[in-house]
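Chains as they are written, first to last, in my numbering: chain A, 19 to 289; chain B, 7 to 60.
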């Protein structure tokens, strides 16, 4: 069964829902308007560990929001959100962290790292469209790299098995923990399914730690005034399905050079 | 080793994104002794990613 009527939705929200609790500390060293991962920030959900080899996080991985898996045909939908931030005029997104890897070095100029959604596969329900068009790819920073201004070139395999380099990404200098750099397909109409390697144009001067992350956005909330809740009911949040084992975490688009505190609650309705 | 003021072109895999000629504005040596050529606004490049323009 799935939730197909308003009465079923009301009943699920009241009587058969998993509650999400959000209380994240600020992440410093950010760039206004550039995405910031709260993966390594302490609070609720807890601090995520820096990944090593490629792996598929689940709802039970530290750093994600836990909820009750369902037995088919029962399903789960994100049906209510109330989020506030410590600073004004920014956005908060909830993503399913599909796969990740870390341990890349800011002093290595040879090709390094790889992440494949073919081999590190979270399952078709979490992936969404089979052509990978629902997936967002990122370079994610876990420990700051050095002060030299460098670029990254990322080699990928697209959904049609063609390969190529993305446009070079200007990383800038002194990239801090939490920074996310989106990986954008360089071929119109194609979608990334594998990142084959990352090549830095020069040593940044400090190894740091960064990696490759694949996510799928499930919800987005715009924040107006600081410390004031933005509430989204089922219609506003759009009832995105939350497949079993989804590894839900937060990405913030900050309005200052830190993410600001993020607090809130949500409900995943089951039925 | 190249010198400040010399003109270079950027090589693969960065050539497509930086197709012009650029001037070396600084030579950087990190703590590990790795050299990089600062090409100004487009950032720094290791020696294997640049060649002198004749």
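All C-beta atoms, glycine included, are put in the ideal place defined by N, C-alpha and C.
Under 9 Å by beta carbon: chain B residues contacting residue i
i	result
residue 223 of chain A	34, 36, 37, 38, 40 and 42
residue 183 of chain A	18, 19, 20, 22 and 23
residue 163 of chain A	Going along chain B, no residue has its Cβ under 9 Å from residue 163 of chain A, so there is no contact; the nearest lies around 11 Å.
residue 166 of chain A	34, 36, 42, 44, 49 and 50
Cβ neighbours of residue i in the same chain (closer than 7 Å, five flanking residues each side left out)
i	result
residue 59 of chain B	13, 14, 15 and 27
residue 150 of chain A	135, 177, 209, 210 and 211
Outcome for residue i when other beta-carbon atoms lying within 10 angstroms are tallied against a minimum of 16
i	result
residue 232 of chain A	buried
residue 36 of chain B	buried
residue 245 of chain A	exposed
residue 25 of chain A	exposed
residue 221 of chain A	buried
residue 261 of chain A	buried
residue 30 of chain A	buried
residue 251 of chain A	exposed
residue 37 of chain A	exposed
residue 44 of chain B	buried
residue 20 of chain A	exposed
residue 114 of chain A	buried
residue 202 of chain A	exposed
residue 83 of chain A	buried
residue 31 of chain B	exposed
Closer than 7 Å at the beta carbon, the chain A residues around residue i
i	result
residue 51 of chain B	219 and 220
Residue i: contacting residues in chain A (beta-carbon distance under 8 Å)
i	result
residue 55 of chain B	127, 219 and 220
Contacts around residue i, its chain only, beta-carbon distance under 8 Å, and the 5 residues preceding and following it disregarded
i	result
residue 238 of chain A	109, 110, 111 and 112
residue 200 of chain A	53, 154, 155 and 156
residue 73 of chain A	117, 118, 119 and 138
Proximal chain B residues relative to residue i, where beta-carbon distance stays under 7 Å
i	result
residue 188 of chain A	49
residue 171 of chain A	19 and 20
Spatial neighbours of residue i in its chain, beta-carbon cut-off 6 Å, leaving aside the 5 residues before and after
i	result
residue 192 of chain A	165
residue 94 of chain A	88, 260, 286 and 288
(request) Please specify which runs of the beta strand (DSSP E), each continuous and at least 3 residues long, are wholly inside the region 176-250 of chain A, giving them in chain order. (result) Entirely contained in the region 176-250 of chain A, the beta strand (DSSP E) runs reaching 3 residues are, in chain order, 181-183, 187-190, 198-201, 210-218, 227-241 and 248-250.
(message) Which complete beta strand (DSSP E) runs does the region 56-112 of chain A hold, if anything under 3 residues is left out?
(response) Runs of the beta strand (DSSP E) inside the region 56-112 of chain A: 94-103.
(request) Tell me, please, whether the region 124-133 of chain A touches the region 248-258 of chain A by the rule of three or more beta-carbon pairs shorter than 8 Å. (result) With a cut-off of 8 Å, the region 248-258 of chain A and the region 124-133 of chain A do not count as touching, because too few Cβ pairs lie within range.
(request) Evaluate the contact criterion for the region 273-281 of chain A versus the region 28-47 of chain A: three or more CB pairs, one atom per stretch, below 8 Å. (result) Verdict: yes, contact present.
(request) Flag this pair as touching only if the region 141-158 of chain A and the region 261-275 of chain A have three or more C-beta atom pairs under 8 Å; answer yes or no. (result) Result yes; three or more Cβ-Cβ pairs closer than 8 Å.
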